[in-house]
Structures are given as C-alpha cells and as structure tokens.
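Peer 1:
2 protein chains.
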Amino acid sequence: MNFEQTISEYRQAIERRLDAYMAQERIPASLREAMGYSLLGGGKRLRPVLTLAACDLFNGNRDAALPFACALEMIHTYSLIHDDLPCMDNDDFRRGKPSSHKAFGEATAVLAGDGLLSYAFEILADATLVWQQQISSYLVALQEIARAAGISGMIAGQMADLESEKDACADAERLRYIHARKTGAMLRASLMAGAYVGNPSDAEAAAMARFGGLYGMLFQITDDILDVEGSLISLGKTPGKDKVEGKLTYPSCYGMETSKEMARETAEEATEILKGFGERSWFLIALTERTLARKS
Amino acid sequence: MNFEQTISEYRQAIERRLDAYMAQERIPASLREAMGYSLLGGGKRLRPVLTLAACDLFNGNRDAALPFACALEMIHTYSLIHDDLPCMDNDDFRRGKPSSHKAFGEATAVLAGDGLLSYAFEILADATLVWQQQISSYLVALQEIARAAGISGMIAGQMADLESEKDACADAERLRYIHARKTGAMLRASLMAGAYVGNPSDAEAAAMARFGGLYGMLFQITDDILDVEGSLISLGKTPGKDKVEGKLTYPSCYGMETSKEMARETAEEATEILKGFGERSWFLIALTERTLARKS
Chain A
1 MNFEQTISEY
11 RQAIERRLDA
21 YMAQERIPAS
31 LREAMGYSLL
41 GGGKRLRPVL
51 TLAACDLFNG
61 NRDAALPFAC
71 ALEMIHTYSL
81 IHDDLPCMDN
91 DDFRRGKPSS
101 HKAFGEATAV
111 LAGDGLLSYA
121 FEILADATLV
131 WQQQISSYLV
141 ALQEIARAAG
151 ISGMIAGQMA
161 DLESEKDACA
171 DAERLRYIHA
181 RKTGAMLRAS
191 LMAGAYVGNP
201 SDAEAAAMAR
211 FGGLYGMLFQ
221 ITDDILDVEG
231 SLISLGKTPG
241 KDKVEGKLTY
251 PSCYGMETSK
261 EMARETAEEA
271 TEILKGFGER
281 SWFLIALTER
291 TLARKS
Chain B
297 MNFEQTISEY
307 RQAIERRLDA
317 YMAQERIPAS
327 LREAMGYSLL
337 GGGKRLRPVL
347 TLAACDLFNG
357 NRDAALPFAC
367 ALEMIHTYSL
377 IHDDLPCMDN
387 DDFRRGKPSS
397 HKAFGEATAV
407 LAGDGLLSYA
417 FEILADATLV
427 WQQQISSYLV
437 ALQEIARAAG
447 ISGMIAGQMA
457 DLESEKDACA
467 DAERLRYIHA
477 RKTGAMLRAS
487 LMAGAYVGNP
497 SDAEAAAMAR
507 FGGLYGMLFQ
517 ITDDILDVEG
527 SLISLGKTPG
537 KDKVEGKLTY
547 PSCYGMETSK
557 EMARETAEEA
567 TEILKGFGER
577 SWFLIALTER
587 TLARKS
C-alpha cells in the first residue's frame, strides 16, 4: 500500500464532499462565501483523514463516514475562525491567507464560525437518520463529536488557554489539561467517529480511544515545536506567536530537547497500540511517523 | 385549566433542568459562570415552553421533551450573546442586566456562546440515545432544531439582517425572509421538537408546522412594535434601537397601524389551526392571545 496515494484518495473524497456541502443553494450567498473561504481549498484535512482511516481500519462504509469526516473539518474550521478574532488570538493569517475577520469583517467572521458549527450538526443529524440500520452506533459517533467540540472538550481547552495567558506560571498539569481538550479531544473524536461507523467491539473502541489520546498529544507537542522552529511559508500562519504571547507550550514548559524526546516516546507508544490491530493499521502507523517528523 | 399555573409549572421544570445542566462539574468554572450568567435566572423561556406545550398537546413524555426544551433555550441564549457583541449589534443590556461581553469581556462572551451551542447538541445527542424506543422520531426533533439554528435558518436570518443595515431600501420580501429565519425558524422548531417527542401523525406534524410559522411571524411583528412602544424596564433591553440603526422592521415597512392589523390577522389564523387539534390546544391558544397582547 502506498501512503501518499491513499491519503490523496482520502483528501479528494473529502474535498469533493465539502465542495458539495458548500454548493447548497439554501445557504445565503454572502454567508456561503465567508464559510467557503475558510473551509475550502486548503488545509491538511487531518481530522477527516483520521475519520476515514479509522473507518477503513474497521472495514466500515466509507460513504457513511464521509459526513462525519466533513462535519469534523467544519467544527475545526469554525474554531480557527473564532480563535483568530481580534478579541481572541488576534491572528491576521491562517492557512497562508488573511484570516476570516480580515477578509470579511468581524461580524461576518463570527457568523461564518457559528454557521460552520451549526451546519456540522445538521449534517450529522441527517447522516445518522439516513443510515437507519446502524442508527445507535452512528449516534454514538455524533455524541463523541459533540462532547469533543463542547464545554468539557475543545471549548474548555480554549477557555483554559485564554486564562493561561494571564497566568505567567507555567504548569505541566495545566498544559496537559489545555492540550488534551483544545486539540486532543477533536483528534480523538475524529478517530472514534470513523471507528463507530465501522461498528467496533468494545475492546477495539477502547484501544482506538487510547491511540486517539496519544495521537492528539503527539500532534500538539510537534505543533508547539513547529511554532518555535517553523516559518510563515511552511506553516501558513505566523510562527513564534506562542512565545510573544507568553503561551504555555511544551517547549516553554519542558525545554526543546525534552519536548522532542516526549514526542518520540508518545509516537512509539501510539504505534504499539496500532500494531495490536494487525496489518489493517498500516496507514495510521505511517501517519503517526509522519506526524512525528512533520515540518508543517 | 389555568394558564398562569400551567406556564409556571413549565417554567419551573425548565429552570430546574437548566440549573442541573449548568451544575455539571465537568464545565470549567469560569466558562460555567459566563454561560450561567446569560442562561439562568431570567427570560420568558418562550421556546422551551412551546416545546413542552406541543409535547403535552400530543400526550408526549414530558421528561423526554425537557432536554429538547433546554437545548433550544441554550441555542437561543447563545444567539443573543453573539448578537450583542460589539462587532454585531453592540448592545450593552440584555434581560435587564449588562450583556455578556460587558460582564466578562469579548473573548469569554464568544466562548460562552460557542459553549452553549455545543452543549445544546451534546444534550440532544444524549437525549436521543437514552430514548431508544423512539430513536428515529427523536432524531427528527434533533434535525428540526439543527436546521432551524443553522445556515438556512437563524444564521441565514442574522446574515441577511446584518446586510440589511447597509441597505437603506425597505423591502417587504426581505423583511419576511429575515424574520422567518432569524426568529421564526427557532420558534417553529421549538414546537416541532415537542411535537415529535409526542410522535404525531404526518397531518398533525404539518398542522403544527403551519401554526409554528404563523406564531413565529406574530412574535416578530409584536417584537418590532414593542421596540417602538416599549420601555427599557418592561423589555429588559434598550428600546428604539431598531430605528436608530435603520433596521428593517414591520412598523418601518408597513407603518404602525398596518403592523398591528397584521398581528391580529396572524393571531387569528394561527388560532384557527390550533382549534383543529380540539380541546388539547387550549394552552397554545391562550399563549397566542397573550403574545398578541404582550407588553414585554
């Protein structure tokens, strides 16, 4: 199996479906323009790729997984739009172009974010109703996504992150709390949603949840490292912002060398869990390696 | 049956359940404070009252309807918080006290709104999974709510409203478009969610949908009238803002007398539909009368 070919297949399927969702005439033109500006034509599509990969690992129906994958990308994108607002992180660039409020003004950016979050749940409700034969399992997938996006997931992480900027004292436990929620919860939910479409056993779901937790941590450690070592061109966003803003990060908390060591150990542990699934897990193993080595 | 006693029973059930949802320890303290500030201890609870009343009309399970009712109030509250932001309507008062961004700052207000919207869907997913015996019907209720809150519902209305401020030309069709979506969709969904918990026939659901559309219109016409004729004390928000901001309203479009006549006609038509349900509809008939005569 070829990693590049497979991830490119996943991405094409995701792009096509996202395009179709955004082409719906019932979305008012100006709202569609703002939502599409942030959602379409860019991004690594990591979350929806995780969903499709987890679905394939359990031989799930990829067509059924696609709405979940796209909803996760929409929720991720809404969080970026709101996060970039002047009252939040005040970031002028995202994915290599002006952020939403720079391109459309603040009011439209708030609504574009609200719109993407709401549309995601509309898509999830529709998808769950379509696949009646497995309705409970799909509802559990929806529930995982709602929890991850919600007030003990991503939003809790955002809130703690907001407060940590006021709080100069770096604190390892707080760092883990923020990252597990702000980034980790949605990455884990992306995997769990795909897995539930594949109807896993309880043991398989538990193993996937453990992998998801570790993968989320790996992603955040490498993200923090890249903010120090990356460039505007490779990242598509302003590097070095964490330090300027005094944000709590793995390098600020543990130093760069220890952070890199933690990333390696987390990747190893994650890979061990995946090996338990046998050969079917080749793609997620390769993705974990590439996440450890990533430059963007 | 006594209207005041029944609505007070509904409200007590709603307040208790909202309190319970907001008491959950897994919500970070500062987020809980901001969400609770806007959600708890006030408001007419019109949307959740409509849900419980529609559920009762179809002899549905009120315990099962309560999560839907509370989710609708959360979505309504999130929309108010975001709507009050400086970049949107820039309103400093809401429900008789400082609006969220005035009390907690803009960043927290954005997150409190995002949190309420996400929590609503978490509650909806949980509620749907609990009542397995009627899972499809409950999912349709969830779907109605997602649509109403979404990009062809409330958010479409907000977006059109935002644009109409730039657009001096008052236009009856645009006015109807905005109000049907910005306010009407959620009021209609509140009724439909309660109805679906009661498992209505297709004809009953269609009649409730027609009533919902008319009730939403009645509510908005009277709301626009009150913005001209009301006071800060009775409304709990700044009156006269529509005119200052050049907003498209029923009085600005049709004049005050015609607006009042439209309200009366809409209420009559709505009541006719309710009469088709027989005696069970007494509460919604009384509520419609009171909406027509409302002072707040």
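Chains A and B supply the protein sequences, listed in that same order. Numbering-wise, my numbering puts 162 at position 162 of the first sequence, and it's gapless, one number per residue. Positions in the second sequence are counted from 1; adding 296 to them yields my numbering. Don't be surprised by glycine CBs; every beta carbon is placed ideally from N, CA and C. None of these values were measured; they are calculated from a predicted model.
How far does the alpha helix (DSSP H) with residue 497 of chain B in it extend, from its first residue to its last?
Peer 2: No alpha helix (DSSP H) holds residue 497 of chain B; DSSP gives it neither H nor E.
Peer 1: Within 8 Å of any Cβ in chain B, is that where the Cβ of residue 129 of chain A sits?
Peer 2: For residue 129 of chain A, the answer is yes, since a Cβ of chain B falls inside 8 Å of its Cβ.
Peer 1: By the criterion of Cβ-Cβ separation under 7 Å, what are the contact partners of residue 28 of chain A in chain B?
Peer 2: Result: 452, 455 and 456.
Peer 1: Against chain A, which members of the segment 423-447 of chain B pass a CB distance test of less than 8 Å?
Peer 2: Those would be 424, 425, 428, 431, 432, 435, 436, 438, 439, 442, 443, 445, 446 and 447, in chain order.
Peer 1: Residue range of the alpha helix (DSSP H) that residue 282 of chain A falls in?
Peer 2: Unbroken alpha helix (DSSP H) run through residue 282 of chain A: 282-292.
Peer 1: Is the number of C-beta pairs between the segment 47-54 of chain A and the segment 184-196 of chain A that are closer than 8 Å three or more?
Peer 2: Cβ pair count under 8 Å is three or more, so yes.
Peer 1: Given a cut-off of 8 Å on the beta-carbon distance, is the pair residue 334 of chain B and residue 450 of chain B in contact?
Peer 2: Contact flag unset, no.
Peer 1: Any beta carbon from chain B within less than 8 Å of residue 173 of chain A's own beta carbon?
Peer 2: For residue 173 of chain A, the answer is no, since every Cβ of chain B falls outside 8 Å of its Cβ.
Peer 1: Going by DSSP in three states, residue 11 of chain A sits in which element: helix, strand or coil?
Peer 2: Reduced to three states, the DSSP call for residue 11 of chain A is helix.
Peer 1: From which residue to which residue does the alpha helix (DSSP H) around residue 102 of chain A run?
Peer 2: Start and end: 100-104.
Peer 1: Would the C-beta of residue 98 of chain A count as close to the ligand FMN, meaning under 7 Å from any of its heavy atoms?
Peer 2: In the structure shown, the ligand FMN is absent, as is every other ligand, since no ligand is present at all.
Peer 1: Just checking: is the beta-carbon of residue 327 of chain B within a distance shorter than 8 Å of some beta-carbon in chain A?
Peer 2: Interface residue, yes.
Peer 1: Return helix, strand or coil for residue 210 of chain A, following the three-state DSSP convention.
Peer 2: Here residue 210 of chain A sits in helix by DSSP.
Peer 1: Compute the Euclidean distance between the alpha carbons of residue 198 of chain A and residue 426 of chain B, then round it to the nearest angstrom.
Peer 2: The straight-line gap from Cα to Cα measures roughly 22 Å.
Peer 1: Answer yes or no: does any C-beta atom of chain A fall closer than 8 Å to that of residue 299 of chain B?
Peer 2: Not an interface residue.
Peer 1: Below 8 Å between beta carbons: does that hold for residue 368 of chain B and residue 482 of chain B?
Peer 2: Cβ atoms of residue 368 of chain B and residue 482 of chain B: closer than 8 Å.
Peer 1: Taking just the CA atoms, how far does residue 216 of chain A sit from residue 372 of chain B?
Peer 2: For residue 372 of chain B and residue 216 of chain A, the distance between alpha carbons rounds to 33 Å.
Peer 1: Could you name the residues of the same chain whose beta carbon sits closer than 6 Å to that of residue 584 of chain B, not counting the 5 residues immediately before and after it, in chain order?
Peer 2: So the list reads 563, 566 and 567, once near-sequence residues are dropped.
Peer 1: Could you check if residue 113 of chain A is buried or exposed, using at least 16 other CB atoms within 10 Å of its CB as the buried criterion?
Peer 2: Result: buried.
Peer 1: Whole angstroms is fine: what's the gap from residue 524 of chain B's alpha carbon to residue 381 of chain B's?
Peer 2: Their Cα atoms are separated by approximately 22 Å.
Peer 1: Determine, for residue 314 of chain B, whether the minimum Cβ-Cβ distance to residues of chain A falls below 8 Å.
Peer 2: No, residue 314 of chain B does not count as interfacial toward chain A.
Peer 1: Under a CB-based cut-off of 8 Å, is residue 168 of chain A close to chain B?
Peer 2: Only weak support exists for where residue 168 of chain A lies, its pLDDT of 47 falling under 50; the coordinates are left without a value.
Peer 1: Ignoring anything shorter than 4 residues or poking outside the segment 102-130 of chain A, list the alpha helix (DSSP H) runs there in chain order.
Peer 2: The segment 102-130 of chain A contains these whole alpha helix (DSSP H) runs: 106-130.
Peer 1: Could you give the C-beta distance for residue 251 of chain A and residue 224 of chain A, rounded to a whole number, given that I count them as a contact under 8 Å?
Peer 2: About 6 Å separates the two Cβ atoms, so the contact holds.
Peer 1: Tell me the rounded alpha-carbon separation between residue 108 of chain A and residue 31 of chain A.
Peer 2: Cα-Cα distance, rounded: 7 Å.
Peer 1: Which ranges would you report for the alpha helix (DSSP H) in the segment 15-102 of chain A if only whole runs of at least 4 residues count?
Peer 2: Qualifying alpha helix (DSSP H) stretches, in chain order: 29-39, 46-57 and 62-84.
Peer 1: Please classify residue 429 of chain B as buried or exposed, where buried requires at least 16 neighbouring CB atoms within 10 angstroms.
Peer 2: The residue in question, residue 429 of chain B, is exposed, as its Cβ has fewer than 16 Cβ neighbours within 10 Å.
Peer 1: Okay, do the segment 114-129 of chain A and the segment 90-106 of chain A touch, 3+ Cβ pairs below 8 Å being the bar?
Peer 2: Touching, no.
Peer 1: If I follow the unbroken alpha helix (DSSP H) through residue 567 of chain B, where does it start and stop?
Peer 2: Unbroken alpha helix (DSSP H) run through residue 567 of chain B: 552-571.
Peer 1: Starting from the Cα of residue 124 of chain A, find the closest Cα among B/476, B/443, B/307 and B/560 and give me that residue.
Peer 2: Nearest of B/476, B/443, B/307 and B/560 to residue 124 of chain A, Cα basis: B/443.
Peer 1: Give me the chain B residues within the contact set of residue 119 of chain A, using Cβ-Cβ distance strictly less than 7 Å, ordered along the chain.
Peer 2: The answer, in chain order, is 446 and 447.
Peer 1: Do the CB positions of residue 40 of chain A and residue 18 of chain A come within less than 8 Å of each other?
Peer 2: The answer is yes: Cβ separation under 8 Å.
Peer 1: At which residues does the alpha helix (DSSP H) containing residue 453 of chain B begin and terminate?
Peer 2: Residues 450-460.
Peer 1: Are the CB atoms of residue 588 of chain B and residue 471 of chain B within a distance shorter than 8 Å?
Peer 2: No, the Cβ-Cβ distance between residue 471 of chain B and residue 588 of chain B is not below 8 Å.
Peer 1: Looking at the structure shown, is residue 171 of chain A part of a helix, part of a strand, or coil, going by DSSP?
Peer 2: In the structure shown, residue 171 of chain A sits in coil (DSSP, three-state: anything other than H, G, I, E or B).
Peer 1: Using 8 Å for Cβ pairs, my map puts residue 486 of chain B next to residue 580 of chain B. What's the rounded Cβ distance?
Peer 2: About 11 Å; that fails the 8 Å criterion.
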